[in-house]
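Engineer: Chains as they are written, first to last, in our numbering: chain E, 1 to 408; chain L, 1 to 408; chain B, 1 to 408; chain G, 1 to 408.
Ideal Cβ positions, reconstructed from N, Cα and C, are used throughout, including at glycine.
Note that the coordinates shown come from a computational prediction; the quantities given were computed from them, not determined experimentally.
Quick one: the structure is below, questions incoming.
Number of protein chains: 4
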Amino acid sequence: MAPRARTTEVVEAEGHLIDSQLLNVIFDTVIKWGAKFDVQKFRIGRTNEEPSFISMRVTGPDETSLTHVLEELVALGCRIAGTRDATLVRADKDGCVPNDFYSTTNHRTFVRHQGQWIEVERQRMDAVIVVEEGRAVCRKLRDVRVGDAVVCGVEGIRVVPEFRERDRYGFAFMTNEISSERRVETGVARIADMMREVKQSGGRIAVVAGPVVVHTGGVGYFSELVAAGFVDVLLAGNALAVHDVENALYGTSLGVDAETGKAIEGGHRHHMRAINTICRVGGLRRAVAEGVLRSGVMYECIRHNVPFVLAGSIRDDGPLPETVMDLIEAQDQYAAALEGVKLVLVLSTMLHGIGVGNMLPSWVRMVCVDINPAVVTKLADRGSSQTIGIVTDVGLFLHQLSRRLIGD
Amino acid sequence: MAPRARTTEVVEAEGHLIDSQLLNVIFDTVIKWGAKFDVQKFRIGRTNEEPSFISMRVTGPDETSLTHVLEELVALGCRIAGTRDATLVRADKDGCVPNDFYSTTNHRTFVRHQGQWIEVERQRMDAVIVVEEGRAVCRKLRDVRVGDAVVCGVEGIRVVPEFRERDRYGFAFMTNEISSERRVETGVARIADMMREVKQSGGRIAVVAGPVVVHTGGVGYFSELVAAGFVDVLLAGNALAVHDVENALYGTSLGVDAETGKAIEGGHRHHMRAINTICRVGGLRRAVAEGVLRSGVMYECIRHNVPFVLAGSIRDDGPLPETVMDLIEAQDQYAAALEGVKLVLVLSTMLHGIGVGNMLPSWVRMVCVDINPAVVTKLADRGSSQTIGIVTDVGLFLHQLSRRLIGD
Amino acid sequence: MAPRARTTEVVEAEGHLIDSQLLNVIFDTVIKWGAKFDVQKFRIGRTNEEPSFISMRVTGPDETSLTHVLEELVALGCRIAGTRDATLVRADKDGCVPNDFYSTTNHRTFVRHQGQWIEVERQRMDAVIVVEEGRAVCRKLRDVRVGDAVVCGVEGIRVVPEFRERDRYGFAFMTNEISSERRVETGVARIADMMREVKQSGGRIAVVAGPVVVHTGGVGYFSELVAAGFVDVLLAGNALAVHDVENALYGTSLGVDAETGKAIEGGHRHHMRAINTICRVGGLRRAVAEGVLRSGVMYECIRHNVPFVLAGSIRDDGPLPETVMDLIEAQDQYAAALEGVKLVLVLSTMLHGIGVGNMLPSWVRMVCVDINPAVVTKLADRGSSQTIGIVTDVGLFLHQLSRRLIGD
Amino acid sequence: MAPRARTTEVVEAEGHLIDSQLLNVIFDTVIKWGAKFDVQKFRIGRTNEEPSFISMRVTGPDETSLTHVLEELVALGCRIAGTRDATLVRADKDGCVPNDFYSTTNHRTFVRHQGQWIEVERQRMDAVIVVEEGRAVCRKLRDVRVGDAVVCGVEGIRVVPEFRERDRYGFAFMTNEISSERRVETGVARIADMMREVKQSGGRIAVVAGPVVVHTGGVGYFSELVAAGFVDVLLAGNALAVHDVENALYGTSLGVDAETGKAIEGGHRHHMRAINTICRVGGLRRAVAEGVLRSGVMYECIRHNVPFVLAGSIRDDGPLPETVMDLIEAQDQYAAALEGVKLVLVLSTMLHGIGVGNMLPSWVRMVCVDINPAVVTKLADRGSSQTIGIVTDVGLFLHQLSRRLIGD
């Protein structure tokens with residue numbers, strides 16, 4: 001007889017269930033699948049500091065529906081009552097797992113193994129959990145190998161959602177509505193405080209930047225931030241670097257002169273010449289070493305030993321020698337570069353922003369800045385309760401941020 | 001036999017036909033209606049300064065189509081060859097005109113009357129031309145009275161399009177593409193130059209502003225511009241004034257604290273209390289006089305005797321005593337306030353921006369700033385070749401503009 | 001000594017506090033103002049049907065802060081424990097109220113008067129509550145008259161938030177994220193069901209429509225809905241009617257031929273001629289009666305005795321005789337037309353949509369359709385938990401809706 | 001002495017210079033660089049069919065400026081008067097060219113070699129021209145090898161801009177303004193006509209599609225178009241295929257049920273399971289062969305032998321076995337797949353749309369559909385006068401298109 005050939009189960013959760021609106025989502029989930037809940041025990045936190053606790057019996061119309069409900073509840077931070085270990089099943093093929101594998105969220109996760117709750121390492125979204133030698137670790141599907149012990153089902157798994165903290169950084173009560181009708185300077189002040197705090201505590205800051213940083217005149221300000229030590233790693237695509245180089249060599253971006261706003265017919269010529277120039281000397285680092293490239297974001301990164309990863313894309317011209325055109329490799333380099341990062345700024349790049357968001361655990365904060373509210377909404381919506389979205393002009397945002405952190 | 005019972009006509013045009021892309025539009029128009037053109041004479045301007053001249057025979061498939069073509073060509077600056085006077089027909093009813101009335105563009109227009117070409121006064125879009133006592137004047141349809149002599153048909157009318165000037169203000173070669181991927185600081189520098197030049201030449205500057213100016217933190221910078229004399233008239237709606245007052249009295253806008261970004265549940269209370277406070281003292285001017293209102297855009301306008309018109313709308317709360325809720329009256333006050341204006345800044349308000357655009361002749365420049373490119377495109381597209389559109393955050397734009405014009 | 005010269009108060013609330021995320025917002029509000037809460041009693045609804053109940057002591061750092069907290073909590077549905085009547089203060093001036101007046105939400109509200117809880121009539125946002133002859137009624141600030149007994153402070157007021165209902169109409173679990181990345185057909189199916197249900201139950205449906213309905217080719221489909229009885233009242237501006245008439249008379253909209261997409265230079269001529277034509281016969285109704293206007297949205301409304309209100313704006317051409325240019329009058333006519341309406345469709349008009357949203361109690365559902373996600377977000381965010389936002393092309397939306405409700 | 005140590009040059013151009021607004025751009029270019037023009041000869045096309053011709057002397061303030069002017073003029077279709085061959089310089093390094101290399105536009109180009117004008121093959125943007133064995137061919141910078149004879153400078157090059165044709169397909173006079181305020185059905189009708197015409201003339205149609213096609217419910221309609229033979233090649237990313245498979249296997253997209261609109265918490269599970277399922281069987285083709293995948297866009301492509309290329313990106317989950325993660329390889333496969341294509345539909349994917357746009361000569365038409373006007377503007381602006389942009393909901397667009405081409 002299968003262990004879950006039943007249609008009812010008791011689940012428990014504790015934490016800031018109300019502050020984080022988890023309790024509501026938990027109830028919704030039960031009802032949505034046609035199941036019912038019956039609260040067995042509920043203890044509310046009497047003050048802001050106290051956690052709450054719930055134990056409830058969930059009854060589904062059938063076993064399949066109950067499984068759906070339980071899968072969702074576990075991802076939300078509920079655990080099946082009782083003390084069973086997580087189910088481990090061996091992968092029977094490279095890059096594949098059993099059908100009922102547990103697909104991770106980006107929240108801190110524990111699995112029960114041999115009677116112990118062990119914390120999952122390298123937490124990230126959309127991974128599987130492999131247990132080996134007493135350790136549990138997130139692994140991308142493609143990196144699973146035959147024989148790996150993969151966590152399946154819903155038992156013995158405990159997710160700890162990043163409970164919304166009401167006080168840290170003063171962000172708790174900033175409106176989190178994503179709108180262009182907000183005072184950006186207020187947000188910039190908070191972000192500057194946060195960046196200073198992260199640096200003071202020895203944390204690392206990653207910036208994920210699109211070429212719009214260049215087009216909107218942000219290069220000078222961004223360069224200042226790099227030079228001042230506020231950027232520990234730069235993640236971008238080929239286009240950011242090419243436009244940055246074009247701007248450094250010719251003063252143009254997208255064929256528009258940065259100072260005069262004058263449009264150059266066939267502005268692509270500058271673009272292609274910038275690529276040719278860098279390729280000729282053998283890459284960005286060589287261009288800096290040989291004095292060919294003397295300003296800009298890439299120059300400052302190289303001069304200050306700020307590591308960068310440039311990921312290729314289907315629209316790339318060139319690419320520059322440093323650009324990683326094998327995307328498996330690029331994803332791995334991105335993920336490695338994000339180790340130990342405490343804060344990520346995503347500046348005008350949905351593509352790379354989503355890519356990075358997928359790699360991060362929920363306790364790394366992301367600040368997403370874009371002039372298109374739909375992009376900010378989409379980035380802010382990828383699972384992290386710790387994302388701050390700002391709808392504004394990126395060039396002017398960087399101007400404000402540099403002014404706050406460094407001064408005029 | 002009617003004078004245009006024919007399907008062919010000779011039309012002429014001269015000016016910067018190529019620079020202004022008029023020649024292309026003229027040819028397109030002919031072909032579009034199934035007509036044909038045969039260029040009789042063409043003289044190209046040999047240098048940048050010289051005008052071009054064209055004379056061409058247009059032949060339509062039938063009289064109706066030819067009329068359509070001619071109507072469009074006249075609006076583009078062509079005139080029917082020959083020396084006939086404009087056709088005048090008496091209005092037979094208040095607020096109505098004959099069906100073939102000439103509907104104005106916003107370009108400088110002349111009508112031939114008693115053998116003389118006379119310039120049309122109060123030029124604006126979508127008006128009719130009434131000739132009385134040897135003068136021709138634009139009149140709104142609703143202001144036409146029985147017996148008015150209304151210009152009809154296409155003869156004896158000459159439109160002088162505002163030819164794109166290549167050098168003035170250095171705007172000629174700024175890219176006029178409307179995009180968020182532009183360096184705003186470049187545009188701000190040009191606009192600041194233009195504002196200074198207009199003021200030095202004794203011209204007036206109008207600002208048309210929406211409440212987003214307040215929400216995005218622009219109040220302080222806008223107030224500085226008013227105090228420094230860069231705003232000669234303010235055209236807005238009730239909402240700008242109410243939000244400005246709320247911000248002055250409570251430091252909030254849309255229920256969000258401007259300094260902390262903290263959201264106030266039921267932030268509408270501040271909004272309604274601001275209205276109540278102003279209504280209680282009898283209006284904005286009284287509130288300033290009595291020391292109730294001590295800062296903000298409206299305060300600075302009143303303190304510096306900058307005239308303002310607040311037009312009502314269906315969404316207004318209150319309204320404030322100064323708001324004009326009769327929209328016929330509001331349109332008339334707007335139009336009167338725009339007399340002699342040389343430059344108009346439209347800040348985040350499509351509604352009032354379109355309203356103002358309709359009232360202006362094409363030789364008054366408009367600068368349209370909005371974070372939504374579609375709004376800028378729409379405003380820039382209402383007929384004036386003299387509109388500059390900037391896609392950016394309005395609060396930060398005002399910060400930059402104030403810095404440029406006034407300093408830190 | 002004033003009755004609230006204290007810094008602590010016990011408040012209570014009951015209902016679907018968790019489902020509606022009210023409990024979280026209540027706690028947030030307390031903490032945000034630097035106050036503290038101490039839960040005295042909490043009873044959770046054990047099943048989906050059971051309500052929850054909370055009683056908690058709120059302690060503020062000072063009396064002012066506590067007042068702020070209490071004002072927000074009352075708007076959220078909490079009531080001050082105890083059994084005091086609401087405070088009534090006489091207005092001392094027309095159009096003004098005491099400074100601590102209670103500003104309404106759009107939720108169902110009761111006030112305690114002479115020991116009885118009485119329901120507030122004509123519930124709407126941003127109004128004051130006047131008690132007269134044992135009845136309590138929402139009144140716009142401008143309609144308050146000297147001597148009116150106005151509800152002030154926070155005692156004796158009970159707001160009943162529109163608790164999110166999990167099952168009605170099947171909307172409960174539709175994602176309420178506003179995004180262009182959704183299948184519109186799914187939403188259309190639900191809206192069609194809702195419209196049928198409202199009509200079957202004898203309810204009225206209002207449509208608030210902008211001119212984009214015409215520009216995007218929605219006239220034919222919208223006309224079908226009117227003819228089939230799915231529209232009980234039309235609220236719009238002058239522009240909708242003018243563009244609808246232009247489309248009916250000339251087949252163009254914004255100077256673009258609806259069938260061929262061909263652009264007409266100076267397309268404004270059609271626009272102005274349409275206005276002239278309607279003005280000449282004396283208005284839309286006369287134009288229909290005399291056979292001048294033979295199709296379109298306005299024609300169908302008139303033919304089927306569907307009442308309409310056209311509100312003026314600063315950008316109006318004409319206006320048409322039926323357009324109400326006095327906006328106080330227009331707001332009153334809108335509000336009157338909305339009496340008894342159960343469902344409102346807002347089609348591509350932020351201005352009129354916000355105006356209507358302000359007039360409605362929270363139990364009237366609004367469906368907002370616009371191609372710009374920011375507009376939908378803004379409309380959906382004005383206080384009603386009962387708004388459905390759909391980001392799509394309005395012309396194609398109307399096509400789908402008509403197909404669903406009427407067929408091909 | 002260098003052959004261009006002078007500051008003046010005579011240039012010539014002929015064609016539909018006015019219709020294509022080329023003459024205006026040519027004059028602008030001269031003035032912008034501080035140069036002057038003096039028209040030597042101008043012959044206007046007397047009718048719509050006749051081309052125009054210009055010869056003018058351009059004089060620059062210095063040699064460098066004149067070179068800038070000439071580079072731009074050549075890209076616009078002017079040629080240096082006289083009969084010199086193009087300058088060929090040998091590449092001295094793989095992947096690099098001389099600094100004054102000629103960077104291609106996407107227009108048809110001829111180079112003069114050994115006294116003959118030869119047409120450049122494989123025309124595309126941002127390439128260099130290599131001459132070998134009497135043939136001239138576009139080559140990507142990275143594919144240049146030591147010793148290749150690369151076209152440099154501006155002499156002996158003739159660009160033939162794709163002159164705007166006034167009649168073909170009836171597109172000539174469709175408004176080309178990019179706006180959401182247009183009737184989409186009008187555009188769909190024209191696109192359907194064009195697709196039929198391309199197929200009847202034996203041409204190929206490529207579709208470039210983003211995952212929004214799936215999210216907005218377009219899968220069924222797109223599948224119909226594939227099955228009916230209107231799609232000859234599909235170019236997309238990994239995400240389109242993964243979402244298509246998820247939709248086929250689970251009926252969800254982005255965790256939202258396509259039929260009910262119900263949101264699934266942790267909807268990513270379906271996404272990851274879809275990937276796992278396809279990886280397990282060894283890819284999409286195997287999944288179709290084994291009956292695992294039984295519907296959707298990828299299924300129909302495979303079933304009807306429609307080739308597809310899936311290009312990887314930094315945000316990819318999986319990827320699916322068929323996805324090409326080496327982007328050099330992916331670009332080459334895209335370019336190969338586009339050989340002989342006459343029409344490209346770009347559906348909601350800026351990234352792949354730009355990539356494809358870069359690869360195409362200007363005489364291949366592109367239709368770009370996206371709900372975000374900024375994306376359409378950006379795609380339409382990449383150099384082709386032959387792009388049609390439609391701002392609308394992609395799901396509903398595909399519904400309309402399928403209806404037009406196939407019926408209900």
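Have a look at Val-207(E) and Lys-262(L) and give me their C-alpha separation to the nearest angstrom.
Structural biologist: What you label residue 207(E) is simply residue 207 of the first sequence in a count that begins at 1. What you label residue 262(L) is simply residue 262 of the second sequence in a count that begins at 1. Distance between the alpha carbons of Val-207(E) and Lys-262(L) is about 26 Å.
Engineer: For Leu-351(B), which option in Ala-248(L), Asp-317(L) and Val-219(L) has the closest C-alpha, if you only look at C-alpha atoms?
Structural biologist: The count along the third sequence starts at 1 and reaches residue 351(B) at position 351. Checked all of Ala-248(L), Asp-317(L) and Val-219(L); the closest Cα to Leu-351(B) is Asp-317(L).
Engineer: Among the candidates Asp-232(E), Ala-258(E) and Val-10(E), whose CA atom is the shortest distance from the CA of Thr-67(E)?
Structural biologist: Position 67 of the first sequence, counted from the first residue, corresponds to residue 67(E). For Thr-67(E), the nearest C-alpha among the options comes from Val-10(E).
Engineer: Rounded to whole angstroms, how far is the Cβ of Val-346(G) from the Cβ of Val-233(G), which I believe are closer than 8 Å?
Structural biologist: As a first step, residue 346(G) is located in the fourth sequence; it is residue number 346 there, counting from the start. As a first step, residue 233(G) is located in the fourth sequence; it is residue number 233 there, counting from the start. So it is not a contact: roughly 13 Å between Cβ atoms.
Engineer: Could you pull the start and end residues of the beta strand (DSSP E) that Thr-109(E) belongs to?
Structural biologist: As a first step, residue 109(E) is located in the first sequence; it is residue number 109 there, counting from the start. Element bounds for Thr-109(E): 108–113.
Engineer: Is Thr-67(E) helix, strand or coil when you go by DSSP?
Structural biologist: Taking the first residue of the first sequence as 1, we reach residue 67(E) at position 67. The answer is helix: DSSP assigns Thr-67(E) an H, G or I state.
Engineer: Compare the Cα-Cα distances from Gln-123(L) to each of Asn-358(L), Ala-227(L) and Glu-185(L) and report the closest residue.
Structural biologist: Residue mapping note: residue 123(L) aligns to position 123 of the second sequence, counting from 1. The shortest C-alpha separation from Gln-123(L) is found at Asn-358(L).
Engineer: Answer yes or no: does any C-beta atom of chain G fall closer than 9 Å to that of Arg-183(B)?
Structural biologist: Translated into the one-based positions of the third sequence, residue 183(B) becomes position 183. Taking Cβ atoms only, chain G reaches closer than 9 Å to Arg-183(B), which makes this a yes.
Engineer: Just to confirm my understanding: we take Gly-170(G), look at its own chain, exclude 5 residues before and 5 after, and list those with CB closer than 8 Å. What are they?
Structural biologist: On the fourth sequence, position 170 is the one that residue 170(G) refers to. For Gly-170(G), the pLDDT reaches just 48, beneath the cut-off of 50, and the residue's location in the model is therefore unreliable, leaving the point undetermined.
Engineer: When the Cα of Ile-354(L) is compared with those of Ala-81(L), Leu-235(L) and Leu-23(L), which residue comes out closest?
Structural biologist: In the second sequence, counting from the first residue as 1, residue 354(L) sits at position 354. It is Leu-235(L) whose Cα lies nearest to the Cα of Ile-354(L).
Engineer: Tell me whether Leu-343(B) sits in a helix, a strand or coil according to DSSP, three-state version.
Structural biologist: In the third sequence, residue 343(B) corresponds to position 343, counting from 1. Three-state result, Leu-343(B): strand.
Engineer: Output yes if chain E places a C-beta closer than 9 Å to the C-beta of Arg-168(B); else output no.
Structural biologist: The residue labelled residue 168(B) in the question sits at position 168 within the third sequence. With a pLDDT of only 41 at Arg-168(B), under the threshold of 50, the placement of this residue in the model should not be trusted; the figure read from the coordinates follows. Chain E contact via Cβ: absent.
Engineer: Can you confirm whether Gln-331(L), when its beta carbon is compared against all beta carbons of chain B, has any partner nearer than 9 Å?
Structural biologist: Against the second sequence, residue 331(L) aligns to sequence position 331. Closer than 9 Å to some Cβ of chain B, the Cβ of Gln-331(L) qualifies, so yes.
Engineer: Name the DSSP bridge partner or partners of Met-366(E)?
Structural biologist: Sequence index remark: in the first sequence, residue 366(E) carries index 366 (1-based). Partner(s): Val-344(E) and Thr-387(E).
Engineer: For Phe-222(E), report the span of its beta strand (DSSP E) as first-last.
Structural biologist: Here residue 222(E) refers to the residue found at position 222 when the first sequence is read from its first residue. Counting along the chain, Phe-222(E) falls outside any beta strand (DSSP E), though it belongs to the alpha helix (DSSP H) covering 219–227.
Engineer: I'd like to confirm the pairing. Which residues does DSSP put opposite Cys-301(E) in its beta bridges?
Structural biologist: The residue you call residue 301(E) lines up with position 301 of the first sequence. According to DSSP, which records beta bridges pairwise, Cys-301(E) is partnered with nothing at all.
Engineer: Interface residues of chain L around Val-212(E) at Cβ under 7 Å?
Structural biologist: Residue mapping note: residue 212(E) aligns to position 212 of the first sequence, counting from 1. Under the 7 Å cutoff, chain L gives Glu-181.
Engineer: Where does Ala-230(G) sit, in a helix, a strand or coil, going by DSSP?
Structural biologist: Reading the fourth sequence from its first residue, position 230 is the one you call residue 230(G). Here the sequence assigns Phe to residue 230(G), which means Ala is not the residue at that position. The answer is coil: DSSP assigns Phe-230(G) none of H, G, I, E or B.
Engineer: Helix or strand or just coil, what does DSSP make of Arg-190(L)?
Structural biologist: For this step, residue 190(L) is matched to residue 190 along the second sequence. The answer is helix: DSSP assigns Arg-190(L) an H, G or I state.
Engineer: Could you check which residue in Val-89(G), Arg-135(G), Ile-205(G) and Gly-217(G) has the C-alpha nearest to that of Glu-155(G)?
Structural biologist: Translated into positions along the fourth sequence, residue 155(G) becomes position 155. Considering only alpha carbons, the answer is Val-89(G).
Engineer: Rounded to the nearest angstrom, what separates Arg-79(L) and Lys-36(L) at their Cα positions?
Structural biologist: On the second sequence, residue 79(L) is found 79 positions in, with the first residue counted as 1. On the second sequence, residue 36(L) is found 36 positions in, with the first residue counted as 1. Whole-angstrom Cα-Cα distance: 17 Å.
Engineer: Taking the alpha helix (DSSP H) that Cys-279(L) falls in, what are its first and last residues?
Structural biologist: Working through the second sequence from its first residue, we reach residue 279(L) at position 279. Element bounds for Cys-279(L): 268–281.
Engineer: Return the residues of the segment 33–44 of chain G that lie within a Cβ-Cβ distance of less than 8 Å from chain L, sorted by chain order.
Structural biologist: Correct list: Lys-36, Phe-37, Asp-38, Val-39, Phe-42 and Ile-44.
Engineer: Give a yes or no on whether the C-beta atoms belonging to Gly-217(B) and Glu-185(G) are separated by under 9 Å.
Structural biologist: What you label residue 217(B) is simply residue 217 of the third sequence in a count that begins at 1. What you label residue 185(G) is simply residue 185 of the fourth sequence in a count that begins at 1. For Gly-217(B) and Glu-185(G), yes; Cβs fall inside 9 Å.
Engineer: Taking all protein chains shown into account, do 16 or more other C-beta atoms lie within 10 angstroms of the C-beta of Val-369(L), making it buried, or fewer, making it exposed?
Structural biologist: Against the second sequence, residue 369(L) aligns to sequence position 369. Buried.
Engineer: My guess is that Phe-101(E) and Val-150(E) are in contact by the Cβ rule of under 8 Å, so how many angstroms apart are they, rounded?
Structural biologist: Looking up residue 101(E) in the first sequence gives position 101. Looking up residue 150(E) in the first sequence gives position 150. With 8 Å as the limit, Phe-101(E) and Val-150(E) qualify as a contact, their Cβ atoms being about 5 Å apart.
Engineer: Measure the C-alpha to C-alpha separation of Arg-166(L) and Asp-28(G) and round it to an integer number of angstroms.
Structural biologist: For the purposes of this step, residue 166(L) is identified with residue 166 of the second sequence, where counting begins at 1. For the purposes of this step, residue 28(G) is identified with residue 28 of the fourth sequence, where counting begins at 1. Any answer about Arg-166(L) is weak, because its pLDDT of 49 lies below 50 and its placement is not dependable; what the coordinates show is given next. Between Arg-166(L) and Asp-28(G), the C-alpha separation is close to 8 Å.
Engineer: Report yes or no: is there a C-beta of chain L within less than 9 Å of the C-beta of Arg-113(E)?
Structural biologist: Translated into the one-based positions of the first sequence, residue 113(E) becomes position 113. Checking the displayed sequence, the identity of residue 113(E) turns out to be His instead of Arg. No, no contact with chain L.
Engineer: Within this structure, are the beta carbons of His-16(B) and Pro-61(B) separated by less than 9 Å?
Structural biologist: Counting from 1 along the third sequence, the entry for residue 16(B) is found at position 16. Counting from 1 along the third sequence, the entry for residue 61(B) is found at position 61. Cβ atoms of His-16(B) and Pro-61(B): not closer than 9 Å.
Engineer: Thinking C-alpha only, which one of Arg-84(L), Gly-255(L), Arg-182(L) and Val-288(L) is nearest Gln-116(L)?
Structural biologist: For the purposes of this step, residue 116(L) is taken as residue 116 along the second sequence, with counting starting at 1. Out of Arg-84(L), Gly-255(L), Arg-182(L) and Val-288(L), Arg-84(L) has the C-alpha closest to the C-alpha of Gln-116(L).
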